[in-house]
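Sequential numbering from 1 applies to the sequence shown in UniProt numbering. By construction, the Cβ of each residue, glycine as well, lies at the ideal position given by its N, Cα and C atoms. Computed from a predicted structure; not experimentally measured.
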Amino acid sequence: VPFMALAYIITAFVIILLNIGEVPRIFGMIIGDAFTPMAGVGAAIGWGVKRGVYSNEAGQGTGPHAAAAASVDHPAQQGLVQSFSIYIDTLLVCSATAFMILITGAYNVNGAIEGTFL
């Protein structure tokens, strides 16, 4: 999984670098759309959803399986790695996904594929 995440992040950076001129517009879009009425509705929906589903599986009990198989000198080392992985997943991978979707224009595709097919 770390190699897949690294490959994904590298791909995201390549896509962002190839479209570097769009980055200021993307930041403007993110900041401008954050304070609209639709954003408030989305926040209300998100508040409910985030209580049930987490992108990093925090609290679901699936992380310890991978951590238990690690060979480390001290258990605290693995605890720090597991703690850091939450930030990698949530901040880096999720942000990279958002930038790729916004930069490529895949967020506003009408009459095309939807949902899981996107």
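Check	Outcome
Q82 vs A67 beta-carbon contact at 8 Å	yes
Rounded C-alpha distance that separates G79 from A7	24 Å
Euclidean distance between Cα positions of V41 and G32	15 Å
Residue nearest to G105 in terms of C-alpha spacing, selected from K50, E22, A5	E22
I26 beta carbon less than 8 Å from that of L91	no
Beta-carbon gap between A12 and F84 smaller than 8 Å	no
Beta-carbon proximity of I9 to A96, cut-off 8 Å	yes
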